[in-house]
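Chains as they are written, first to last, in my numbering: chain A, 1 to 610; chain B, 1001 to 1568.
In this text, a Cβ means the ideal position worked out from N, Cα and C, and glycines have one as well.
Notes follow the structure.
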């Protein structure tokens, strides 16, 4: 699944989960089975509880209410015994009415308690999840760019979606249910023992059987489910790839062949899917079957006891009601434990992100009010991974207002220089100074604010065009915004948009052409008017006219500012004060146009090729 | 299979619903014996018999249930399989016009998520949708045969139950739509932030973003909580109804017992039926709620299957091309019906063996023009002729065999290099492959791949550079040994030297091929036999490099903007 589809397809279907019928439950359970086991169960749970700090009382109250509700449920069933024995059989109608009213009252109280408890748990879990989510996002804002380059975008997203949803679900349902199930099981068995220890023994025989059956099923579910999921992924990615390449499929008249291959994959999926889903769907009927069989034995034995030892009818009625449902909480407990594991594993991943070191340091104390723009790069070495050096011993002095062209084959390390100047990454060795100050001592935010970057795929956000332009300066007036747009040559096309400057850009400006997006980026930089610039001239998929517009806007923007230019165009390169030819991470040639052409080296070769 | 499932499910329900009845009989028999002082031995043998019957029924029940489960899985997977194949096969013949309209992403979602939803719904219907009503009716019937008067209590329970379920159905859908919308908003915000993290840091907007997110996250939490609270009333309410019904049965049952109209066993049985009846009600509502949610998916899949093919082959089409020329006669075309025309009144002829080039900016319509030649789309007006025949009269497979396209975006598939190349011609021999690779200047780098020509390509050809991908796409097209070769800005990522070399080898190795080139750069079209300048969907100039560079203003303007480059 590609990143783009991620949001729509992988986002957890909450409603499905919460309203879920049996099939979904089984599916969810099987899916959770495949989730990785948490590494530090105890520590993580403890840490999750820190988010419940403000709600400790609430949480306890909710659980107590739920236990009272469970106790009342058990009690109402138990009441069958005295009702039958003491009122119905002796034909005491007055007493029967009284106890029926009591019973009805108990049901109402129990229902109210359950409702209140649910309501509290919902609020508590949402509040806790919200604070975890906010903390996670806040933390992400402080992480170095390398974190986002290193981690897959989809993975970070799923911290926000799947992982936190699992935690929310656990806080709302699982925890309370676990208490409830344990209490229910203990209570049921206790009351069963109270009514008839002998009968209880027969019923309890079912527990080991249930244990073995569920264990067996779980083991096999895992194996088959994994294979099924792999098959599903294969079919889906095959379909996605072919449909995305439909143009080629059609042009090469491969429809039939592709259909045949797809049918083969789909057939494998069908076969394995039936197995996997069937095995995971066995649990419920199997448990019910085991329970019903033991129920039969219990009934049989109850009859015998009634005949030979005079077990009372009321006792039998109540006991059988307990026996009928006492396997449910046991089954439920195993569900909840799996759900808790999924939640803890999710929380663990969230905490891992929270524990990543932030890029801001206390040592960055310099906050100059203004920057002149004298940049000095001294003996800089840099590598993204230890194995591969990207920059080797780079040194260059740039005076205020100079324009530097970075030239060289792709992958030579030109964009890396941007990453270092902005301190998106740390140097391996050497240093970079601005106006004589080491940038490692300058407050990172101050540093970044004083750089304007216009890169090829700079992002736009879902907000109005005007807000996108004033992204770096929210307090800018409309006049300033329009002035910046005019300088960037973007004013004309903005006015042609449906709502002009107030047009909301959807999907990151996906509706705009590449060139238009670029012009908005330039307008953004004009508005903050930074003393230093880093520009990437590359414009793919831009028509000639817009390209010229971008070029001239960049030229205006650079006037009087220190600028690094990742240049592709001869005319721009020629106007620069210095050209750095970078190849294999080193500055192989430097000088102005004439000098470099005269040198007849790499530049001269590139120059002919451009 | 589906019918079998239903039959089995019903059998299982019969078993399930009879258990309480047997229980009642046992209880009453035992009562009778203890009351009248009958023989304990008789009683025991009766109990053994009935108890054994219960155990056997339970065994039968679970077996039938398991078989039914298997059948329902098989049926629902079968349905999903058939839908998947039908939809996928249909997509293959939809034509690009429809695919553009439905969008690739949406088609993929339909083929994956939507089908899964339908499959789940179908399984649920098989498993519960019919089982639940059957259980409901059966329980009522058995209960009323046990005691008509007492079973009337159930009627009173059904009314509030219906209200609860109606409330649930009316509340849950809109409520969860709201939750989904809030969730989408939240995810969008995070996504944009993550993808634009460099911009956020450049403009030091971390604080502002954090504050904005805090608000979004908070309101999402509130909306979710509200939604859940609204639905949290349902479970207690259902339990309350069950509780009250139990009270009713005990009360009225006790009353009837005192008037000798009902036995304790029957009262006990009816209490059990309450659970069964109300549970089946609940399941029915589950199915209905799920149906209304899945309806969207069903419609979306149907939309694919019901869509008519945009490009249809004529009956008894022409299967032979007279020559390899391409001709446009007053062609007008727009992507959407009634939308803007992308091409208007375009006429030209590309002669056999010649190189014809189209030059123009983005959005000028030059790529579109190319799509019409292998009939990826049908023209709105005018005629496209290939080999002297209107493409509408030609057999599609012949047309697409003779016309090879190298698309603008190098689409390769995740299989080996060889498998990708063989898309052009499955029966190509080593010689043909070599020739094509050599012509496309791809032989060297392919040899240097880890497994040579049998190297497996990553998704989207990610283990290759842009230029390498383009060259493989060219080789793939050449393996067809096509009469007509279409290059859609296909050399943009290849360096100048290789670009020239490829064109040179093309002319040498495939001399009879008619070539149509589309480009943005003058350099790539300079040597063409004929150059057309296209702007705003119209041909505005034609000639050779020589004539155009002297006489045509637009051509000169483009040339000027690329001047230094072109002259060097």
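Closer than 8 angstroms to the CB of residue 1330(B) there is not a single CB belonging to chain A. Chain B places a beta carbon closer than 8 angstroms to that of residue 472(A), counting this residue as a contact. Taking 8 angstroms as the threshold, the shortest C-beta distance from residue 1188(B) to chain A falls below it.
As the crow flies, the alpha-carbon of residue 1273(B) is around 28 angstroms from that of residue 214(A). Note: residue 407(A) is bridge-paired with 581(A) in the DSSP secondary-structure output. According to the DSSP assignment, residue 113(A) belongs to the alpha helix (DSSP H) that extends over 93-142. Against chain A, the CB of residue 1322(B) has no partner CB under 8 angstroms away; the residue lies outside that interface. A residue is called buried when at least 16 other Cβ atoms come within 10 angstroms of its Cβ; residue 1182(B) meets this threshold and is buried. Less than 8 angstroms separates the beta-carbon of residue 1328(B) from that of residue 1348(B). In terms of beta-carbon proximity, residue 1208(B) lines the interface with chain A, with at least one pair separated by less than 8 angstroms. Runs of alpha helix (DSSP H) with 4 or more residues, each lying fully within the segment 1213-1247 of chain B, are absent.
Look at residue 1018(B): its C-beta is not under 8 angstroms from any C-beta on chain A.
The CB of residue 1037(B) never comes closer than 8 angstroms to any CB in chain A; the least such distance is about 11 angstroms.
According to DSSP, residue 51(A) shares a beta bridge with no other residue.
Note: residue 533(A) is bridge-paired with 452(A) and 563(A) in the DSSP secondary-structure output. If you look at residue 375(A), you'll find it isn't in any alpha helix (DSSP H); it sits in the beta strand (DSSP E) that goes 375-385.
By the criterion of a C-beta distance shorter than 7 angstroms, residue 561(A) is surrounded in its chain by 373, 401, 531, 532 and 533, once the five residues flanking it on both sides are discounted.
Along the segment 45-77 of chain A, going in chain order, the ones with a CB nearer than 9 angstroms to a CB of chain B are 69, 73 and 76.
The alpha-carbon of residue 220(A) is positioned some 25 angstroms away from that of residue 1112(B).
In the three-state reduction of the DSSP assignment, residue 427(A) falls in the coil class. Taking one beta carbon from each stretch, the segment 289-303 of chain A and the segment 173-185 of chain A have fewer than 3 pairs nearer than 8 angstroms; the two do not touch.
Taken through DSSP and simplified to helix, strand or coil, residue 1356(B) comes out as strand.
Within the model, the alpha-carbon separation for residue 1456(B) versus residue 1281(B) is close to 55 angstroms.
For residue 1230(B), the nearest beta carbon of chain A is not closer than 8 angstroms to its own beta carbon. Counting other Cβ atoms within 10 Å of its Cβ, residue 128(A) reaches 16 or more and is therefore classed as buried. With distances taken between CA atoms, residue 163(A) lies nearest to 340(A) out of 340(A), 182(A) and 109(A).
The residue among 1265(B), 1452(B) and 1005(B) with its C-alpha nearest the C-alpha of residue 1063(B) is 1005(B).
Under the DSSP assignment, residue 1347(B) falls in the beta strand (DSSP E) whose first and last residues are 1343-1350. When the alpha-carbon of residue 1381(B) is set against those of 1088(B), 1346(B) and 1454(B), the nearest one is in 1346(B). Listed along chain A, no residue sits closer than 7 angstroms to residue 1342(B) by beta-carbon distance, the nearest being about 15 angstroms off. Residue 1138(B) carries a helical assignment under DSSP once its states are collapsed to helix, strand and coil.
By the criterion of at least three beta-carbon pairs nearer than 8 angstroms, the segment 1091-1100 of chain B is not in contact with the segment 1037-1052 of chain B. Distance check between residue 1395(B) and each of 1370(B), 1523(B), 1065(B) and 1321(B) places 1321(B) closest, using alpha-carbon atoms only.
Fewer than three beta-carbon pairs drawn from the segment 39-47 of chain A and the segment 1201-1212 of chain B are found closer than 8 angstroms, and the two stretches are therefore not classed as touching. With respect to residue 241(A), residue 1088(B) sits apart: the two C-beta atoms are not nearer than 8 angstroms. Contact annotation, residue 1249(B) with residue 1153(B): C-beta distance approximately 5 angstroms; criterion of less than 8 angstroms satisfied.
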